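Asks: Got a structure for you, written out below as structure tokens; questions coming shortly.
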Amino acid sequence: MRGGVRDLSVALDKGRVVAGKIAGMFRFFAMTFLLLLQAVVLGQGTKAEYARALALSQATAGKVFRTKVEPQWLPGGDSFWYRVEIERGKWEHVMVDAVKGERRVLPGPPEGASVAIAAMEKVRPSTNGGEETELVFVNRTEGDVLVFWIDPEGRRKGYGAVKAGERREQHTYAGHVWLAQDVMGKTLGVWEGKAGGGEAVIAPADGVASAPESVKTEHQWKPFVRDFNVWLKRRGSGEEVPLSRDGRAEDAFREPLLLSPDGKKLVAMQVAPAQERKVWLVESSPKDQLQPKLLSYDYLKPGDRNKRERPRLFDLERREAIAVNEELFANPWDCSELRWAPDSSQFTFLYNERGHQVLRVIAVDAASGEARALVEERSRTFIDYSQKTALHWLDPTHELVWMSERDGWNHLWLYDTNTGALKNPITRGEWVVRGVERVDAVKRQIWFRAAGIRAGQDPYYVHLARVNFDGTGLVVLTEGDGTHRWKFSPDGRYFLDSFSRVDLPPVTELRRSEDGSRVCLVETGEAQALLATGWRAAERFVAKGRDGKTDIHGIFIRPSNFDSEKKYPVIEDIYAGPHGFFVPKEWGLGLRQRTLAALGFIVVQIDGMGTNWRSRAFHDVAWKNLKDSGFPDRIAWMRAAAESVCPQMDLTRVGIFGGSAGGQSALAGLLHHGDFYKAAVADCGCHDNRMDKIWWNEAWMGWPVGPEYADNSNVTHAAKLTGKLLLTVGELDHNVDPASTMQVVDALIKADKDFEMLVVPGSDHGAGERPYLVRRRMDFFVRNLLGAEPRRH
Numbered sequence: 004m005r006g007g008v009r010d011l012s013v014a015l016d017k018g019r020v021v022a023g024k025i026a027g028m029f030r031f032f033a034m035t036f037l038l039l040l041q042a043v044v045l046g047q048g049t050k051a052e053y054a055r056a057l058a059l060s061q062a063t064a065g066k067v068f069r070t071k072v073e074p075q076w077l078p079g080g081d082s083f084w085y086r087v088e089i090e091r092g093k094w095e096h097v098m099v100d101a102v103k104g105e106r107r108v109l110p111g112p113p114e115g116a117s118v119a120i121a122a123m124e125k126v127r128p129s130t131n132g133g134e135e136t137e138l139v140f141v142n143r144t145e146g147d148v149l150v151f152w153i154d155p156e157g158r159r160k161g162y163g164a165v166k167a168g169e170r171r172e173q174h175t176y177a178g179h180v181w182l183a184q185d186v187m188g189k190t191l192g193v194w195e196g197k198a199g200g201g202e203a204v205i206a207p208a209d210g211v212a213s214a215p216e217s218v219k220t221e222h223q224w225k226p227f228v229r230d231f232n233v234w235l236k237r238r239g240s241g242e243e244v245p246l247s248r249d250g251r252a253e254d255a256f257r258e259p260l261l262l263s264p265d266g267k268k269l270v271a272m273q274v275a276p277a278q279e280r281k282v283w284l285v286e287s288s289p290k291d292q293l294q295p296k297l298l299s300y301d302y303l304k305p306g307d308r309n310k311r312e313r314p315r316l317f318d319l320e321r322r323e324a325i326a327v328n329e330e331l332f333a334n335p336w337d338c339s340e341l342r343w344a345p346d347s348s349q350f351t352f353l354y355n356e357r358g359h360q361v362l363r364v365i366a367v368d369a370a371s372g373e374a375r376a377l378v379e380e381r382s383r384t385f386i387d388y389s390q391k392t393a394l395h396w397l398d399p400t401h402e403l404v405w406m407s408e409r410d411g412w413n414h415l416w417l418y419d420t421n422t423g424a425l426k427n428p429i430t431r432g433e434w435v436v437r438g439v440e441r442v443d444a445v446k447r448q449i450w451f452r453a454a455g456i457r458a459g460q461d462p463y464y465v466h467l468a469r470v471n472f473d474g475t476g477l478v479v480l481t482e483g484d485g486t487h488r489w490k491f492s493p494d495g496r497y498f499l500d501s502f503s504r505v506d507l508p509p510v511t512e513l514r515r516s517e518d519g520s521r522v523c524l525v526e527t528g529e530a531q532a533l534l535a536t537g538w539r540a541a542e543r544f545v546a547k548g549r550d551g552k553t554d555i556h557g558i559f560i561r562p563s564n565f566d567s568e569k570k571y572p573v574i575e576d577i578y579a580g581p582h583g584f585f586v587p588k589e590w591g592l593g594l595r596q597r598t599l600a601a602l603g604f605i606v607v608q609i610d611g612m613g614t615n616w617r618s619r620a621f622h623d624v625a626w627k628n629l630k631d632s633g634f635p636d637r638i639a640w641m642r643a644a645a646e647s648v649c650p651q652m653d654l655t656r657v658g659i660f661g662g663s664a665g666g667q668s669a670l671a672g673l674l675h676h677g678d679f680y681k682a683a684v685a686d687c688g689c690h691d692n693r694m695d696k697i698w699w700n701e702a703w704m705g706w707p708v709g710p711e712y713a714d715n716s717n718v719t720h721a722a723k724l725t726g727k728l729l730l731t732v733g734e735l736d737h738n739v740d741p742a743s744t745m746q747v748v749d750a751l752i753k754a755d756k757d758f759e760m761l762v763v764p765g766s767d768h769g770a771g772e773r774p775y776l777v778r779r780r781m782d783f784f785v786r787n788l789l790g791a792e793p794r795r796h
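First residue of the sequence shown? That's 4 in the working numbering, and the numbers climb one at a time after it.
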């Protein structure tokens with residue numbers, strides 16, 4: 004049957020020509036017959052394909068090996084051992100000599116050795132389905148530690164205490180998450196159970212920075228806040244006296260209260276609160292009662308009155324305020340990074356002006372209260388403060404390492420903090436600094452993460468690099484064609500480098516920290532068992548964007564039963580938020596995309612202009628222009644892919660889906676590019692940026708709220724809807740006001756537009772990824788792009 008598909012299509016095409024000469028009714032029936040016959044012939048959206056799609060998670064689990072290496076360094080720092088899974092439930096123990104660059108397999112773990120499991124960055128719910136294992140809690144603190152299991156719903160369940168200096172074995176399962184806290188509730192670590200077991204080493208929590216000892220011994224007063232004002236309490240006698248008197252509920256003093264190192268001055272933040280705005284929700288089907296509940300939460304929106312905070316300076320010896328001219332920080336979004344100079348001569352803070360077009364490091368003289376700008380950034384569009392702010396003070400040399408996009412790329416700069424003069428750029432070039440790893444003030448070197456620094460590689464791949472403060476001596480320490488993660492040896496002489504791509508399982512190498520030279524290959528990920536299931540790696544593709552010059556990067560995923568003789572509808576998984584990029588760069592299963600691909604679709608992901616971590620010009624496309632969503636680049640990319648590398652893409656049948664900002668973009672695709680996109684699923688979209696959270700939307704759409712907000716609203720353009728639309732939203736969304744979706748619904752009804760909608764009782768943000776809605780998304784695309792009825796049963 005497959006060999007006759009093209010001949011059959013030719014015959015039907017001729018039939019359509021004839022039918023075109025008859026009445027329009029017959030043309031309609033001929034087209035309908037073609038779509039139904041095509042669905043039968045191509046076998047897309049069938050019961051077997053649904054079964055394969057819904058079983059992907061189970062079918063692909065536990066079939067990639069030699070991917071994770073947790074080094075256990077031996078005393079002296081010249082060798083380490085690790086264990087690695089080589090088959091399902093089978094482990095290999097390996098010793099690596101870092102001096103000789105030799106790797107040898109051991110008959111078992113070294114005598115008396117155990118495997119320390121790396122702590123996770125944050126708590127997350129446990130996942131079920133893992134094999135039985137054991138986690139050994141090792142308490143290296145001086146007090147008892149409380150242990151909690153985090154269940155699949157994210158709830159904590161206590162499992163008792165581990166006494167100081169003791170060990171405790173805990174039965175668990177791979178994928179289960181455990182939390183350790185001290186008796187005061189301070190988090191000491193989070194670990195995930197691993198197949199084969201391991202140790203969760205609980206170390207003391209990092210101490211909170213405090214004033215120098217001289218302050219503790221020389222200064223007799225302890226500051227605190229009471230009744231909206233700053234008070235002082237005399238150590239020893241307990242005598243209390245007010246330091247400020249003008250604090251009130253509508254303009255209160257708040258912590259932090261920051262003493263100068265010499266104990267003679269104090270800085271306190273005085274804050275006029277933001278206006279009150281609440282989002283109201285109706286929980287239709289609460290678990291604990293029959294009748295609905297009315298709920299609310301605080302939620303500022305663009306244009307609302309923000310809190311107004313500013314630092315106040317006090318002389319403790321005279322117990323009076325020192326006036327500070329507020330002209331340089333008169334309209335704050337926030338004031339942060341408050342700190343004193345070691346000699347108590349001044350304090351500094353970071354001022355982010357509302358509208359995010361001015362960012363200043365402000366220094367205030369401790370004696371006079373005179374304020375001056377040490378560093379000032381200005382932008383005609385936006386300053387990406389939430390992603391690209393970095394300050395590292397070098398007090399002994401009176402210098403500051405600062406991050407800025409002032410030359411069109413995100414780089415590091417060195418400032419003189421005495422004069423506020425720029426000393427020199429530290430990094431430069433048509434690539435970006437992704438973040439600072441560490442600063443060595445003695446060697447005057449900075450270790451940092453960089454993207455786009457390796458010519459010929461994907462510009463989003465992250466590499467480790469080092470540079471001198473004066474901008475000389477730049478060394479890229481990682482090499483492999485992929486995005487990198489690394490772990491340093493305890494003494495820092497070596498690091499374990501792991502890199503991967505969407506089409507390359509992790510490769511792990513041992514490298515020297517001094518020059519990045521490779522010591523030896525440690526492991527190469529093996530995915531043969533995964534490939535045997537029919538799983539296909541994503542394929543990378545680069546095409547020129549809207550300007551014909553800029554490279555646009557994306558991936559596409561073919562169906563597991565891909566047939567080069569067939570044509571497949573295309574579905575784009577979109578997220579275009581300016582705060583990041585979203586095409587995956589590391590190895591992963593990509594089950595969300597493959598679940599759709601298994602039904603007979605080619606699924607694509609693309610980062611168009613307006614997303615982050617390329618040049619400043621690339622990013623600025625998003626400024627007051629979120630409806631753009633990079634669509635001109637995305638469409639150009641798909642057309643280029645269909646023409647050059649995947650002619651099986653049928654660009655007459657293109658769908659799109661996304662959630663949150665991606666939901667906004669998915670609907671915008673139909674509204675503004677309905678000639679290209681034919682069907683969209685938009686989940687929990689922030690469809691009107693005036694309805695969404697204040698910080699995210701003002702960051703990209705600006706302040707004050709201008710006409711651009713209305714012009715970018717899906718509500719404004721609802722009457723332009725063409726194609727098929729499914730809207731989904733959780734009734735208890737705490738991230739994006741669900742009324743944003745309902746206002747789109749109202750506008751669509753007024754415009755007499757047909758659409759589908761699902762409101763999920765009890766669901767929060769991301770309702771569209773619940774199993775029921777995932778299945779409904781599959782059904783929607785099967786009906787509207789394949790022209791077939793879903794055949795799940």
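In this text, a Cβ means the ideal position worked out from N, Cα and C, and glycines have one as well. Please read these numbers as outputs of a predicted model, since none were measured by experiment.
So, at 6 Å on beta carbons, what are the nonlocal neighbours of S503 in its own chain, with the 5 sequence-adjacent residues on each side left out?
Replies: G485, P509, E589, W590
Asks: Per DSSP, which one or two residues make a beta bridge with G161?
Replies: F151
Asks: Look up W640 in the DSSP assignment and say whether it is helix, strand or coil.
Replies: In the structure shown, the three-state DSSP call for W640 is helix.
Asks: With distances taken Cα to Cα, identify the nearest neighbour of D691 among A682, E701, A344, A683.
Replies: E701
Asks: For A683, does the count of other Cβ atoms within 10 angstroms reach 16, so buried, or fall short, so exposed?
Replies: buried
Asks: Can you find a C-beta in chain D that's less than 8 Å from the C-beta of K103?
Replies: Chain labels in this structure do not include chain D; a single protein chain is all it has.
Asks: Should the stretch 559-573 be regarded as contacting the stretch 599-610, the criterion being three or more beta carbon pairs within less than 8 Å?
Replies: yes
Asks: Go to W538, then tell me how far its beta strand (DSSP E) extends in each direction, as first and last residue.
Replies: Counting along the chain, W538 falls outside any beta strand (DSSP E), and DSSP gives it neither H nor E.
Asks: Do the CB positions of S632 and G611 come within less than 8 Å of each other?
Replies: yes
Asks: Between V126, V364, P493, V606, which has its C-alpha nearest F1's C-alpha?
Replies: With the chain covering only 4 through 796, there is no way to say anything about residue 1.
Asks: Could you say if the stretch 316-330 and the stretch 283-300 meet the contact criterion of at least three C-beta pairs nearer than 8 Å?
Replies: no
Asks: Using only the alpha-carbon positions, how far apart do N715 and M704 sit?
Replies: 9 Å
Asks: Using only alpha-carbon positions, find the residue among G65, Y53, G48, R55 that is nearest to L592.
Replies: G65
Asks: What does the Cβ neighbour count give for T481, buried or exposed, with the cut at 16 atoms within 10 Å?
Replies: buried
Asks: Suppose the cutoff is 7 Å on Cβ atoms and the five residues either side in sequence are ignored; what does the same chain contact list for K490 look like?
Replies: P74, F498, L499
Asks: Give a yes or no on whether the C-beta atoms belonging to Y162 and G133 are separated by under 8 Å.
Replies: Contact flag unset, no.
Asks: With DSSP run on the structure shown, which of helix, strand or coil describes M406?
Replies: Strand at M406.
Asks: Could you pull the start and end residues of the beta strand (DSSP E) that P335 belongs to?
Replies: 335-343
Asks: Keeping to the same chain, check which residues put their C-beta closer than 8 Å to that of L776; ignore five residues upstream and five downstream.
Replies: D686, T731, L761, V763, A770
Asks: Compare the Cα-Cα distances from L362 to each of F350, D368, A370, E379 and report the closest residue.
Replies: E379
Asks: How would you write the range of the alpha helix (DSSP H) that D623 sits in, first residue to last?
Replies: Residues 619-623.
Asks: Do P112 and I153 have their beta-carbon atoms positioned less than 8 Å apart in this structure?
Replies: no
Asks: Apply the 10 Å Cβ neighbour rule to N717 and answer buried if 16 or more other Cβ atoms are within range, or exposed otherwise.
Replies: buried
Asks: Mapping the DSSP letters down to three states, classify Q278 as helix, strand or coil.
Replies: coil
Asks: Short of 7 Å in beta carbon distance, which residues of its chain neighbour G146, apart from the five on each side in sequence? Order them along the chain.
Replies: A167, D185, V186
Asks: What are the start and end residues of each continuous alpha helix (DSSP H) run of 4 or more residues lying completely inside the stretch 497-583, in chain order?
Replies: 531-534
Asks: In whole angstroms, what separates the C-alpha of R431 from that of W412?
Replies: 8 Å
Asks: Suppose the cutoff is 6 Å on Cβ atoms and the five residues either side in sequence are ignored; what does the same chain contact list for I752 look like?
Replies: Contacts found: none.
Asks: Kindly list the residues whose CB is nearer than 6 Å to the CB of G857, restricted to its own chain and excluding five residues on each side of it in sequence; keep chain order.
Replies: Limits of the chain in this structure are 4 at one end and 796 at the other, which puts residue 857 out of reach.
Asks: Let me check understanding here. Comparing Cα to Cα, which of I429, P314, W336, Q292 lies closest to L303?
Replies: W336
Asks: Restricting to Cα atoms, I'd like to know which of R514, V228, P264 is closest to E105.
Replies: Minimum Cα distance to E105 is reached at R514.
Asks: Pick from L789, M781, L477, G192: whose alpha carbon is nearest that of R795?
Replies: M781
Asks: Taking the beta carbon of L109 as the centre, do at least 16 other beta carbons fall within 10 Å, making it buried, or is it exposed?
Replies: exposed
Asks: Pick out whichever of W181, E169, F140, R143 has its Cα sitting closest to the Cα of K160.
Replies: W181
Asks: Just to confirm the assignment, what range does the alpha helix (DSSP H) spanning D749 have?
Replies: 742-753
Asks: Would A198 pass as a contact of T136 if the rule is Cβ separation under 8 Å?
Replies: yes
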